[in-house]
Amino acid sequence: MVKNLKAVKHILNELNYVLNRRQKKGAILVFFVVVFRACFELLGVAAIVPFLQAMINVEELMDKEYVQIIMHWGGMYSEKELLPLMSLGLIVLYVVKNVYILFANFIQYDYSTKVKKSLSINIMKAYMSKPYTYFLDVSSAEIVRTCNADTMQVYNILSNILFILSELLTIIMIGIFIMGAEPVMSIQILILMFVMLFFIIGIFKPLMKRAGAKSMQAVVQKDRAIYQAILGIKEVFVTQRQEYFIKAYETAAEDERKLNRRSEVINLCPDRIIEGVCVSGLIGIVSVKL
5 MVKNLKAVKH ILNELNYVLN RRQKKGAILV FFVVVFRACF ELLGVAAIVP FLQAMINVEE
65 LMDKEYVQII MHWGGMYSEK ELLPLMSLGL IVLYVVKNVY ILFANFIQYD YSTKVKKSLS
125 INIMKAYMSK PYTYFLDVSS AEIVRTCNAD TMQVYNILSN ILFILSELLT IIMIGIFIMG
185 AEPVMSIQIL ILMFVMLFFI IGIFKPLMKR AGAKSMQAVV QKDRAIYQAI LGIKEVFVTQ
245 RQEYFIKAYE TAAEDERKLN RRSEVINLCP DRIIEGVCVS GLIGIVSVKL
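For the sequence shown, the residue numbers in the working numbering are 5 to 294.
Written out as structure tokens, the structure is:
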């Protein structure tokens, strides 16, 4: 756990070094956008509870003080007037919530792509300022990888950090709300989630790390095959080695495809595992109580 925290701290320090002042200010704006997104998610969960309660036992809902205040302000006198209003309000809330979430996603990815673009341009400028002799000892594939693949990794890190931050804030807010309603059940589910979290970190993190490293190496091999063939095209035709470079590129591309497929599948597993275990645990806890 301490090692993981150190790794996160290292990543944040690297981002702090890479981002300029303007981009850091943009990160603060994106943070507040993410916070409001979490608030909308919480509101969506909180609003559905009284609606479901009204469907199950409308008399109990009618006795609540806040419902009496709403009915008094709205000039309503029965549940037949209240339920259509609640339905309409819930529909409007979910439409507004989803529109805002789309807007928040746009802001997040707009920020990440701008950082990627700025970083790749700065790297290109740095290479162009080097003397000619510098390029005699550096592989063209390595230069292209640094400008493209490495900046893409920064983009992926930023996108994943913003995604995790968004989901984490949402979980915390909804967790606090549920704990207020069912504290004992919430603690039991929370314990179950932490157990699954340590299980996932222990199993899936090493798999993702190995797949990512191998995928990066496959990208380097693929780029190398392209640049060696194109830059030495005269020698390639003279020596009739077209098939050699095609085969080298095809092999690297197939390795990259398999590794990317593996990474994506592994990446999708934790969500499904946590959801399945938590829902199953919730059903089990409720069944035991009954």
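Ideal Cβ placement from N, Cα and C applies to all residues, glycine included.
No experiment lies behind these values; they were computed from the predicted model shown.
- Contact annotation, I176 with T155: C-beta distance approximately 32 Å; criterion of less than 8 Å not satisfied.
- The three-state secondary structure of R245, taken from DSSP, is coil.
- Within the same chain, F208, L211, M212 and A215 come within 8 Å of I270 by CB-CB distance, once the 5 residues on both sides are set aside.
- The DSSP-derived three-state label of L173 is helix.
- For the pair F249 and N152, the Cα-to-Cα distance works out to about 22 Å.
- Straight through space, the alpha carbons of K28 and S91 are spaced by roughly 42 Å.
- Distance between L16 and V281, taken at the CA atoms: about 31 Å.
- Measuring C-alpha to C-alpha distances from V49 to each of T174, F35 and N164 identifies T174 as the nearest.
- Between the beta-carbon of V38 and that of L169 there is about 6 Å, and that keeps the pair under the 8 Å contact cut.
- Judged by pairs of C-beta atoms under 8 Å, the stretch 157-164 touches the stretch 111-119, as three or more such pairs exist.
- A direct Cα-to-Cα measurement between T255 and E146 gives close to 19 Å.
- In this structure, D227 sits near V148, with a CB-CB distance shorter than 8 Å.
- Here I125 is exposed. Its C-beta has fewer than 16 other C-beta atoms within 10 Å.
- Residue environment: L140 is assigned as exposed (fewer than 16 neighbouring CB atoms within 10 Å of its CB, all protein chains considered).
- In the structure shown, S124 falls within a helical segment according to DSSP collapsed to helix, strand and coil.
- Taking C-alpha positions only, A51 is separated from I95 by approximately 10 Å.
- The three-state secondary structure of N24, taken from DSSP, is coil.
- Listed in chain order, the non-local C-beta contacts of S190 below 8 Å within the same chain comprise G179, I182 and M183, local neighbours out to five positions each way being set aside.
- By the criterion of a C-beta distance shorter than 7 Å, G30 is surrounded in its chain by Y115, once the five residues flanking it on both sides are discounted.
- Exclusion of the five residues before and after S267 leaves M212, A215, G216 and S219 as the residues of its chain whose Cβ lies within less than 7 Å of its Cβ.
- The C-beta of A108 has 16 or more other C-beta atoms within 10 Å across all chains shown, which makes the residue buried.
- The residue among S284, W77, P54 and I32 with its C-alpha nearest the C-alpha of Q192 is S284.
- A check of alpha carbon separations from F203 across C273, F40, Y253 and L19 identifies C273 as the nearest.
- Between V22 and V158, the CB-CB gap stays under 8 Å.
- The Cβ atoms of I105 and F44 sit closer than 8 Å to each other.
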